[in-house]
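Position one of the sequence shown corresponds to residue 54 (the working numbering), numbered consecutively onward. Idealized CB from N, CA, C, for every residue including glycine. These numbers were taken from a predicted model, which means no experiment stands behind them. Below: the structure, in structure tokens.
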Amino acid sequence: MWTTMTGAASPTDGLTGIVGFAARAIDTLGEWGVGAFTLAETVVPPIPSEVILPLAGYLAKQGSLNLLLVFATSTLGAYLGALLLYWLGAKLGLERSIRWLSKLPLVDREDFEEAAAWFRRHGRSSIFFGRLLPGIRSLISLPAGAAAMPPATFSLFTLAGSGLWNGALIGLGYLLGTQYQLIEKYSHVLNYAVYAALAVAVVLLIVRRVKRARRVNANR
Numbered sequence: 054m055w056t057t058m059t060g061a062a063s064p065t066d067g068l069t070g071i072v073g074f075a076a077r078a079i080d081t082l083g084e085w086g087v088g089a090f091t092l093a094e095t096v097v098p099p100i101p102s103e104v105i106l107p108l109a110g111y112l113a114k115q116g117s118l119n120l121l122l123v124f125a126t127s128t129l130g131a132y133l134g135a136l137l138l139y140w141l142g143a144k145l146g147l148e149r150s151i152r153w154l155s156k157l158p159l160v161d162r163e164d165f166e167e168a169a170a171w172f173r174r175h176g177r178s179s180i181f182f183g184r185l186l187p188g189i190r191s192l193i194s195l196p197a198g199a200a201a202m203p204p205a206t207f208s209l210f211t212l213a214g215s216g217l218w219n220g221a222l223i224g225l226g227y228l229l230g231t232q233y234q235l236i237e238k239y240s241h242v243l244n245y246a247v248y249a250a251l252a253v254a255v256v257l258l259i260v261r262r263v264k265r266a267r268r269v270n271a272n273r
């Protein structure tokens with residue numbers, strides 16, 4: 054659409070692999086698609102926000118998306134995803150929530166236990182600072198809900214932390230938006246980094262589950 058209407062190259066041209074796929078999906082779905090991505094990533098991370106949000110900022114700089122709306126929808130999506138996990142924690146309790154969610158792909162029980170330990174150590178401040186930490190960012194909502202943290206407090210800290218995280222990543226992509234050739238040149242490097250991160254996550258998940266199975270068998 055970009056090429057046919059303006060005669061100029063699309064801002065997603067030259068972006069390949071998972072980065073190119075994500076960029077084209079964002080360009081097609083628009084600002085609300087960014088919100089949907091961040092909502093899904095908060096619950097079950099298909100493509101990390103570290104990839105999605107800089108690309109959204111980059112496309113905003115190119116004129117494909119509205120910068121303020123990208124920030125608003127991404128923060129709303131992150132908040133709604135966090136609210137869903139908060140609700141699960143409140144309704145099912147921490148143990149039942151962990152047992153159910155740890156069956157999801159690329160998620161392990163130890164991740165939830167680390168998030169719960171972080172919440173116990175830091176209390177309500179963990180909701181804000183946890184949004185800035187990969188691995189803790191999504192899962193911290195479960196212990197908050199299970200501990201009956203006041204919804205208003207949870208919402209305030211979640212929106213503040215998510216807004217800071219999203220704004221930083223979107224702003225980075227926006228600033229790099231002036232360097233189109235640089236983005237195109239190094240997109241394959243980012244692809245390799247994403248693939249490597251996914252591979253490491255899968256390996257760690259397998260290792261954790263094998264170790265846990267051995268501990269269970271040893272205790273029988």
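Closest residue to residue i among the options (Cα-Cα distance)
{"i": "I105", "options": "Q115, R184, E94", "result": "E94"}
{"i": "V123", "options": "A143, I180, T91", "result": "T91"}
{"i": "S215", "options": "W140, G134, S150", "result": "G134"}
{"i": "L136", "options": "R77, P203, G224", "result": "P203"}
{"i": "V96", "options": "W85, S150, E84", "result": "S150"}
{"i": "A213", "options": "K144, A125, L192", "result": "A125"}
{"i": "W85", "options": "R174, E103, S127, L217", "result": "S127"}
CB contact flag (residue i, residue j, <8 Å)
{"i": "L129", "j": "G88", "result": "yes"}
{"i": "L138", "j": "S194", "result": "yes"}
{"i": "W171", "j": "S178", "result": "no"}
{"i": "G226", "j": "A109", "result": "yes"}
{"i": "N219", "j": "A131", "result": "yes"}
Pairwise C-alpha distance: residue j and residue i
{"i": "A168", "j": "A201", "result": "16 Å"}
{"i": "E163", "j": "L154", "result": "12 Å"}
{"i": "G230", "j": "P101", "result": "20 Å"}
{"i": "T59", "j": "K156", "result": "Confidence is the limiting factor: at T59 the pLDDT is only 43, short of 50, which leaves the residue's position unreliable, though a coordinate-based value still follows. Each residue's Cα considered, the two are about 47 Å apart."}
{"i": "L82", "j": "L222", "result": "19 Å"}
{"i": "T206", "j": "I79", "result": "32 Å"}
{"i": "L209", "j": "W140", "result": "16 Å"}
{"i": "L186", "j": "K114", "result": "26 Å"}
{"i": "T211", "j": "F181", "result": "6 Å"}
{"i": "L118", "j": "L112", "result": "6 Å"}
{"i": "L120", "j": "R190", "result": "23 Å"}
{"i": "R174", "j": "E103", "result": "26 Å"}
{"i": "K224", "j": "R77", "result": "Per the sequence presented here, residue 224 reads as Gly, with Lys not at that position. Going from the Cα of G224 to the Cα of R77 covers about 19 Å."}
{"i": "L217", "j": "R152", "result": "31 Å"}
{"i": "L228", "j": "P107", "result": "9 Å"}
{"i": "A197", "j": "G176", "result": "9 Å"}
For residue i, the three-state DSSP class (helix, strand or coil)
{"i": "N219", "result": "helix"}
{"i": "G214", "result": "helix"}
{"i": "L129", "result": "helix"}
{"i": "R177", "result": "coil"}
{"i": "G60", "result": "Any reading at G60 is ruled out, since the residue's pLDDT is 46, under 50, leaving its predicted position unreliable."}
{"i": "G198", "result": "helix"}
{"i": "P101", "result": "coil"}
{"i": "I79", "result": "helix"}
{"i": "R162", "result": "helix"}
{"i": "K156", "result": "coil"}
{"i": "G142", "result": "helix"}
{"i": "R149", "result": "helix"}
{"i": "S117", "result": "coil"}
{"i": "G230", "result": "coil"}
{"i": "S191", "result": "coil"}
{"i": "P107", "result": "helix"}
Cβ separation of residue i and residue j, assumed to be a contact under 8 Å, to the nearest whole Å
{"i": "G116", "j": "A199", "result": "G116 to A199, Cβ: 45 Å. No contact."}
{"i": "L192", "j": "F165", "result": "5 Å"}
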